[in-house]
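Colleague:
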Amino acid sequence: MALASVNLSFDGEAVSAARIVLIGVAPIPWRSEPAEKAIQGKAVTPETAEAAAEAAVADAKPLSG
Numbered sequence: 007m008a009l010a011s012v013n014l015s016f017d018g019e020a021v022s023a024a025r026i027v028l029i030g031v032a033p034i035p036w037r038s039e040p041a042e043k044a045i046q047g048k049a050v051t052p053e054t055a056e057a058a059a060e061a062a063v064a065d066a067k068p069l070s071g
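Counting from 7, one number per residue, gives the positions in the sequence shown under this note's numbering.
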């Protein structure tokens with residue numbers, strides 16, 4: 007099971023600050039700064055959410071069994 011904890015602050019419709027932590031994808035909760043950067047300064051849309059999701063896993067490597 008994998009989870010994401012997302013905390014967003016807004017300035018109007020744009021994300022002014024983002025904290026995104028992935029749980030269940032590493033031995034400890036993993037903060038995804040690439041995902042935060044992908045969404046910061048932008049309005050939340052399906053496209054920006056998808057860009058953040060792709061950024062979150064761009065450097066992912068499988069855990070050993």
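Heads up, the beta-carbon is just placed ideally off N, CA and C, and yes, glycines get one too.
At which residues does the beta strand (DSSP E) containing Gly10 begin and terminate?
Modeller: The identity of residue 10 in the sequence shown is Ala, whereas the question assumes Gly. Element bounds for Ala10: 9 to 17.
Colleague: Around the C-beta of Ser38, are 16 or more other C-beta atoms found within 10 angstroms, so that it is buried, or is it exposed?
Modeller: buried
Colleague: Are the CB atoms of Gln46 and Ala24 within a distance shorter than 8 angstroms?
Modeller: The Cβ atoms of Ala24 and Gln46 lie closer than 8 angstroms to each other.
Colleague: Look at the Cβ atom of Ala55, then the Cβ atom of Ile26, and state whether they are nearer than 8 angstroms.
Modeller: no
Colleague: Residues in the same chain with beta-carbon distance under 7 angstroms from Leu49, minus the five sequence neighbours each way, listed in chain order, please.
Modeller: Note that residue 49 is Ala in the sequence shown here, rather than Leu. Once the five neighbours on either side are set aside, the close Cβ partners of Ala49 are Glu19, Ala20.
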